[in-house]
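In my numbering, the protein residues as written are 24 to 130. No residue lacks a Cβ here, since even glycine has one placed at the ideal position from N, Cα and C.
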């Protein structure tokens, strides 16, 4: 479980990127038109959506590969039960949820 909590710290970036794409940058989330040809908002929304997409796809993809390796492939290769490891993977979003709660309380 401690390993999954440590995965949660860098997982804050793709989780926050997904949150931004679902809320602030919703109009530009799936728009791939070049800058100036998009009608999804001002330039800050277009640029912000690009960074959020990059954070979600690249860092989120690498994070999923890491979780797959540690929580599924490693226990399968060593003969350990992988259900316990998968249940412990629910601890990955805990650092992000704590950060969101902290900012909601003290903001």
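Query, Result
"Integer-rounded CB distance, given that residue 35 should sit under 8 Å from residue 122", "6 Å"
"Beta-carbon gap between residue 78 and residue 37 smaller than 8 Å", "yes"
"Best match in 50, 72, 31, 30 for proximity to residue 40 [C-alpha to C-alpha]", "72"
"Cα-Cα separation, residue 90 to residue 111", "11 Å"
"Simplified DSSP state of residue 36, which is helix, strand or coil", "helix"
"Three-state secondary structure assigned by DSSP to residue 103", "coil"
"Residue environment, residue 84, which counts as buried when at least 16 other CB atoms sit within 10 Å", "exposed"
"Assigned secondary structure, residue 128 (DSSP; H/G/I helix, E/B strand, else coil)", "helix"
"Option in 126, 125, 116, 130 with minimal Cα separation from residue 29", "116"
"Endpoints, the alpha helix (DSSP H) within which residue 28 is located", "25–31"
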